[in-house]
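The structure appears below as structure tokens.
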């Protein structure tokens with residue numbers, strides 16, 4: 051099962067819409083609650099990052115039997131130093147993003163914490179690709 | 079403790095989803111930083127915040143938080159109420175500061191997460 055959604059940079063009124071719809075789908079698919087929550091948190095952080103930093107983006111979600119893959123591709127300023135960006139507390143967020151309760155430099159590290167693998171590639175001046183994989187445990191319920 | 083009792087302690091006014099008043103709450107977390115809220119793994123908690131915008135509701139939805147207290151009578155927009163109703167979330171306004179609300183609830187037995 052695959053989904054593809056577009057995101058507009060800067061539009062905070064819609065930030066979280068994609069994570070919200072994916073959350074409902076994971077619930078319908080009876081994915082283990084704690085696994086679904088990790089996926090949704092990581093996706094929401096990624097969605098907010100695109101809205102906060104990029105001009106536009108595409109989120110692709112691929113639900114397999116054993117894992118969920120998320121690919122977030124954005125057109126934006128990119129990340130010149132990924133290692134630095136991964137450091138908790140490092141942020142280039144604008145005051146507007148901070149007013150929304152974000153921009154504390156915790157997003158990327160929280161995405162890593164809430165996924166089983168995360169890969170980031172970026173070209174400064176062009177954009178960033180974040181790929182997340184989370185494995186699904188069999189639902190005991 | 080029930081949300082009804084919490085509401086009484088903080089002189090709260092329920093904005094939506096009153097039917098959740100009998101539900102029990104064990105933990106509370108006070109923050110204006112949604113990035114911090116997204117790191118919480120515990121459930122069955124109330125969020126105490128001074129940040130009143132749509133992302134407060136969205137963040138709570140992602141974190142499975144179904145009760146939010148807005149300190150110092152922050153203006154809760156119609157878009158926030160609508161999204162909260164959609165997610166079956168109870169929103170409560172209190173005239174007190176985050177410090178006061180946190181103190182009263184801690185004193186009454188609500189547990190801290192960290």
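Residue numbers (this note's numbering), protein chains in the order written: chain A, 51 to 191; chain B, 79 to 192. We treat Cβ as the ideally placed atom computed from N, Cα and C, and that holds for glycine. Keep in mind that this is a model prediction, so the values were computed, not measured.
Is residue 106 of chain B closer than 7 angstroms to residue 188 of chain B when the C-beta atoms are compared?
Their beta carbons are under 7 angstroms apart, which means residue 188 of chain B touches residue 106 of chain B by this criterion.
Please name the residue in B:145, B:108, B:127 whose C-alpha comes closest to that of residue 97 of chain B.
With distances taken between Cα atoms, residue 97 of chain B lies closest to B:145.
Would you verify that the beta carbon of residue 113 of chain B is, or is not, closer than 7 angstroms to some beta carbon of chain A?
Interface residue, yes.
Beta-bridge pairing of residue 185 of chain A - partner residues as DSSP gives them:
In DSSP, residue 185 of chain A forms a bridge with A:117.
Taking the continuous alpha helix (DSSP H) assigned at residue 177 of chain B, which residues delimit it?
Membership of residue 177 of chain B in the alpha helix (DSSP H) is indicated by the continuous run 176–185.
Measure from the C-beta of residue 139 of chain A to each C-beta in chain B and report whether the shortest distance is under 7 angstroms.
It does not; no Cβ of chain B falls within 7 angstroms.
Mapping the DSSP letters down to three states, classify residue 112 of chain A as helix, strand or coil.
Per DSSP, reduced to three states, the secondary structure at residue 112 of chain A is strand.
Residue 190 of chain A - DSSP class collapsed to helix/strand/coil:
With a pLDDT of only 48 at residue 190 of chain A, under 50, the local geometry of the prediction cannot be trusted, and no value is derived from it.
Any beta-carbon of chain B closer than 7 angstroms to the one on residue 94 of chain A?
Chain B contact via Cβ: present.
Can you find at least 3 beta carbon pairs, one from the segment 99–113 of chain A and one from the segment 59–66 of chain A, that sit closer than 8 angstroms?
The segment 99–113 of chain A makes contact with the segment 59–66 of chain A: 3 or more CB pairs, one atom from each, lie closer than 8 angstroms.
Mind pulling the chain A residues with CB within less than 8 angstroms of residue 123 of chain B?
None at all; the shortest Cβ gap to chain A is about 14 angstroms.
Can the beta-carbon of residue 122 of chain A be found closer than 7 angstroms to that of residue 180 of chain A?
Closer than 7 angstroms, so yes.
Measuring straight from C-alpha to C-alpha, what distance separates residue 76 of chain A and residue 89 of chain B?
Taking the straight line joining both Cα atoms gives about 38 angstroms.
If we count Cβ pairs, one from each stretch, closer than 8 angstroms, do we get three or more for the segment 126–143 of chain B versus the segment 157–177 of chain B?
Enough Cβ pairs lie closer than 8 angstroms, so yes.
Within 7 angstroms of any Cβ in chain A, is that where the Cβ of residue 117 of chain B sits?
Yes, because at least one Cβ of chain A sits closer than 7 angstroms to the Cβ of residue 117 of chain B.
Got a sec: which bits of the segment 140–158 of chain A sit with their beta carbon under 7 angstroms from any beta carbon on chain B, in order along the chain?
Across the segment 140–158 of chain A, CB contacts with chain B closer than 7 angstroms involve 150, 151, 152, 154, 156, 157, in sequence order along the chain.
Cβ atoms of residue 118 of chain B and residue 176 of chain B: under 7 angstroms apart, would you say?
No, they are not a contact pair.
Give me the Cβ distance between residue 91 of chain B and residue 170 of chain B, rounded to the nearest whole Å; I'm assuming they're in contact under 8 angstroms.
That belief holds up - the Cβ atoms of residue 91 of chain B and residue 170 of chain B are roughly 7 angstroms apart, short of 8 angstroms.
DSSP beta-bridge partners for residue 151 of chain A?
Paired residue(s): none; residue 151 of chain A is not in a bridge.
Could you tell me whether the segment 163–170 of chain A touches the segment 65–80 of chain A, using the rule of 3 or more Cβ pairs below 8 angstroms?
Taking a contact to require three or more Cβ pairs closer than 8 angstroms, the segment 163–170 of chain A and the segment 65–80 of chain A do not qualify as touching.
Under three-state DSSP, which class holds residue 132 of chain A?
Three-state result, residue 132 of chain A: helix.
Does residue 64 of chain A have its Cβ less than 7 angstroms from a Cβ in chain B?
No, residue 64 of chain A lies away from the interface with chain B (no Cβ there is under 7 angstroms from its Cβ).
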